[in-house]
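Colleague: Quick one: structure below, then a few questions.
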Amino acid sequence: MRPDSLKTKIFLDSGDPQETKEFLKLLGFLDGQTTNPSLFAKSPEVKQRIEGGDKFSKEEIYIEYKKIISNIAELLPGKSVSIEVYATEETPVSEILDQAREMNIWVKNAHIKLPLTISGLEAGEILVGEGVNINMTLIFNQAQAGAVYSATRGSEKGQVFLSPFVGRLDDIGVDGINYIKNVLDLYKNGDGHVEVLAASIRSYEHFLACLKLQADIVTVPGKILYQWSEDNFFIPDEKWEYRADSLEKKSLEDIDLDRDWREFDIRDELTKKGIEKFVIDWNNLLK
Ligand code: G3P
17 MRPDSLKTKI FLDSGDPQET KEFLKLLGFL DGQTTNPSLF AKSPEVKQRI EGGDKFSKEE
77 IYIEYKKIIS NIAELLPGKS VSIEVYATEE TPVSEILDQA REMNIWVKNA HIKLPLTISG
137 LEAGEILVGE GVNINMTLIF NQAQAGAVYS ATRGSEKGQV FLSPFVGRLD DIGVDGINYI
197 KNVLDLYKNG DGHVEVLAAS IRSYEHFLAC LKLQADIVTV PGKILYQWSE DNFFIPDEKW
257 EYRADSLEKK SLEDIDLDRD WREFDIRDEL TKKGIEKFVI DWNNLLK
């Protein structure tokens, strides 16, 4: 069952409904689930089909993604399930919107994942106005967090998630957990309409650090949730400390959340690389 002192919502980071079942049973609860093109490609049914030499047509791939998402959503009634659009850096807003609107009716409580590009933000601004839930993903710098806040001003709490990727910042020597802290601090100056969803959690220490920071949401691979269960669902106390001494800690920038989102410089090399990787993983599944 959900520990009483747990403030952070726990999502499973997986494209496999079997894992949803397994970790729901192990934890006694899950607050939601996130998927992305790479996780979809890793889901057992998809892997098996590709290994058997049978790739998907463009129609079939969406049918399969919808099936997996529906199976997950059925196991998590009333909980958020994130579904990611296919987008390169060049995909126009209209194409992102078409996919997002279609995916949004696959299940109740969908959050549509949009990459942090100009088109992704433009689409996000339109979609929240239509009442669609969104999850802005591949977030790596503070200007991007400011832009998401600004583009979605006026939306309801719970409608907008911001997904910074902790592990991928660590990969380039920047402290990803410190970045989560900075975004949480930045948003303290705001109205609370964007929830911070810590993603790319690679270690049990990352996970505990997110609980200690009281991030709104953390999305976690099954193997780390398993470690948590082995640790009797420990919630870090005052004494518990996250150490990443070798990683660079960036300071909190002076970001004005009242600015128009178009004024922020949202470019980031990691966002670009992340989009490329998702595109490759998705296209590898296609005929
Ligand atoms: O939640 C995002 C996650 O699935 C990406 O993780 O390990 O590929 O950086 P990773």
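In the working numbering, the protein residues as written are 17 to 303. Beta carbons: idealized from backbone N, C-alpha and C, even for Gly. These figures come from a predicted structure and were not determined experimentally.
Kindly identify the DSSP beta-bridge partner or partners of T72.
Modeller: Within the sequence shown, residue 72 is the residue found at index 56, counting from 1. At residue 72 the sequence reads Phe, which differs from the Thr that was named. According to DSSP, which records beta bridges pairwise, F72 is partnered with L302.
Colleague: Let me make sure I understand the geometry here. Which of W122, D284, I251 and G136 has the alpha-carbon closest to that of L229?
Modeller: Against the sequence shown, residue 229 aligns to sequence position 213. Ranking the options by Cα distance to L229, first place goes to I251.
Colleague: K82 and D47 - do their beta-carbons sit closer together than 8 angstroms?
Modeller: As a first step, residue 47 is located in the sequence shown; it is residue number 31 there, counting from the start. As a first step, residue 82 is located in the sequence shown; it is residue number 66 there, counting from the start. Contact: no.
Colleague: Would you mind working out which of G238, T168, P108 and E90 sits nearest D29, comparing C-alpha positions?
Modeller: Locating residue 29 in the sequence shown gives position 13, counting from the first residue. The option with the nearest alpha carbon to D29 is G238.
Colleague: Could you have a look at F250 and say whether DSSP puts it in helix, strand or coil?
Modeller: Walking along the sequence shown from the start, residue 250 turns up at place 234. Three-state DSSP puts F250 in coil, outside helix and strand.
Colleague: When the Cα atoms are used, what is the spatial distance from I233 to V212?
Modeller: Sequence index remark: in the sequence shown, residue 233 carries index 217 (1-based). Sequence index remark: in the sequence shown, residue 212 carries index 196 (1-based). If I take the Cα positions, the gap works out to 6 angstroms.
Colleague: Compute the distance between the beta-carbons of Q115 and D284, then report whether it is under 8 angstroms.
Modeller: Here the question's residue 115 lines up with position 99 in the sequence shown. Here the question's residue 284 lines up with position 268 in the sequence shown. In this structure, D284 does not lie closer than 8 angstroms to Q115 by Cβ.
Colleague: Going by CA-CA distance only, name the one from Y258, F156 and F249 that's closest to D281.
Modeller: Translated into positions along the sequence shown, residue 281 becomes position 265. Minimum Cα distance to D281 is reached at F156.
Colleague: Does the Cβ of N52 lie closer than 7 angstroms to at least one heavy atom of the ligand G3P?
Modeller: Numbered from 1 along the sequence shown, position 36 holds the residue referred to as residue 52. Answer for N52: yes, Cβ within range of the ligand G3P.
Colleague: For G147, count neighbouring Cβ atoms within 10 angstroms of its own Cβ and tell me buried if that reaches 16, exposed if not.
Modeller: By 1-based counting over the sequence shown, the position of residue 147 is 131. It is exposed - the Cβ of G147 has fewer than 16 other Cβ atoms within 10 Å.
Colleague: Suppose only complete runs of 3+ residues qualify. What are the beta strand (DSSP E) ranges in the stretch 102-132, listed by chain order?
Modeller: List check, beta strand (DSSP E) in window: 126-131.
Colleague: Can you tell which of A57, S73, E76 and E75 has the C-alpha that lies nearest to the C-alpha of K67?
Modeller: Taking the first residue of the sequence shown as position 1, residue 67 is located at position 51. Contrary to the premise, residue 67 reads as Glu rather than Lys in this sequence. The shortest Cα separation from E67 among A57, S73, E76 and E75 belongs to A57.
Colleague: What is the rounded straight-line gap between the Cα of I121 and the Cα of S96?
Modeller: Position 105 of the sequence shown holds residue 121. Position 80 of the sequence shown holds residue 96. Straight-line Cα distance between these residues: approximately 13 angstroms.
Colleague: Suppose the cutoff is 6 angstroms on Cβ atoms and the five residues either side in sequence are ignored; what does the same chain contact list for S13 look like?
Modeller: In the structure as shown, the chain begins at 17 and stops at 303. Residue 13 is therefore absent and cannot be evaluated.
Colleague: For I196, tell me which candidate among Y258, E118, Y242 and I291 has the shortest Cα-Cα distance.
Modeller: As a working note, residue 196 is residue 180 in the sequence shown. Per the Cα distances, Y258.
Colleague: According to DSSP, which residues form a beta bridge with T50?
Modeller: Residue mapping note: residue 50 aligns to position 34 of the sequence shown, counting from 1. Note: T50 sits in a beta bridge opposite D29 and S98.
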